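A short worksheet on the structure shown next.
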Amino acid sequence: MERPHSDTAAGEASLLPLRNPSTTITASGPSANPSTSTTRRRQWPTVDGPLGLSEEDSLTYARRFFKFGFLLLPWLWAVNCFYFWPVLRNSRSFPAIRRYVVGSAIGFTMFTTLLCSWALTFMIGGENLFGPLWDKLVMYNVADEFGLTDWM
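Residues 830 to 981 in our numbering are what the sequence shown spells out, letter by letter.
Right, here's the structure in full:
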């Protein structure tokens, strides 16, 4: 016995995880009637789609990754941007999650810029830039200062 299309669509919709109310799902397959099917598409907050987290769990994880990034763990900001890439890519999806993901992207960009500029300053400038202070800033002579190379 075949079920009517409206019952099938309602049953399939109840199995889907929570999602942004503005998103839609495409009805397709043998049970979908082309004349009555609604054109909707799935939208997931994480890169692993339906296998990923619900919207509430996604918000919790995005908030945690964002806050822990300030504890000198900026690689968590990069993980946040990667894992919630669909939210970062689509500006109208999941606004509660998006603010943490965009904040993580900005924080990671700023950290990377500062780290690269600091490294380039020491690589390019070196002793010419820092003068006599250079010997106190570099770490390759620490073993000599503490006499740790005498045994060699």
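All residues carry an ideal CB built from backbone N, CA and C; glycine is no exception.
Source: prediction; values computed, not measured.
Would DSSP call residue i helix, strand or coil?
i       : result
Thr-889 : helix
Val-967 : coil
Thr-875 : coil
Gly-960 : helix
Thr-978 : coil
Gly-881 : coil
Leu-917 : helix
Pro-924 : helix
Leu-901 : coil
Determine the burial state of residue i: buried for a count of at least 16 other Cβ atoms within 10 Å of its Cβ, exposed for fewer.
i       : result
Tyr-969 : exposed
Gly-898 : buried
Leu-901 : exposed
Gly-936 : buried
Arg-832 : Caution applies to Arg-832, whose pLDDT of 47 falls short of 50 and renders its modelled position unreliable; the model cannot decide the point.
Val-967 : exposed
Check this for me: beta carbons of residue i and residue j, under 7 Å apart or not?
i       : j       : result
Pro-879 : Val-916 : no
Ala-891 : Val-931 : no
From residue i to residue j, what distance separates their C-alpha atoms?
i       : j       : result
Ala-972 : Arg-893 : 40 Å
Glu-974 : Gly-954 : 23 Å
Asp-886 : Ser-946 : 36 Å
Ala-934 : Met-952 : 27 Å
Gly-872 : Phe-911 : In the sequence as displayed, the identity of residue 872 is Gln instead of Gly. Going by the C-alpha atoms only, they are around 16 Å apart.
Leu-819 : Thr-950 : What the structure shows of the chain is the stretch from 830 to 981, and residue 819 is not part of that stretch, so it cannot be assessed.
Glu-956 : Ser-920 : 47 Å
Leu-882 : Trp-914 : 13 Å
Val-876 : Ala-948 : 32 Å
Lys-896 : Thr-978 : 42 Å
Glu-884 : Arg-918 : 16 Å
Leu-888 : Arg-928 : 10 Å
Gly-976 : Leu-958 : 28 Å
Between residue i and chain D, is there a C-beta pair that is closer than 7 Å?
i       : result
Gly-954 : Protein chain content of the structure displayed is limited to a single chain, and chain D is not contained in it.
Report yes if the C-beta of residue i is less than 6 Å from at least one heavy atom of the ligand FMN; otherwise report no.
i       : result
Val-930 : For the ligand FMN, the structure offers nothing, since it holds no ligand at all.
Any contact between the region 935-950 and the region 890-907? By contact I mean 3 or more CB pairs, one from each, below 8 Å.
yes
On the three-pair Cβ rule with 8 Å, is the region 953-967 touching the region 916-927?
no
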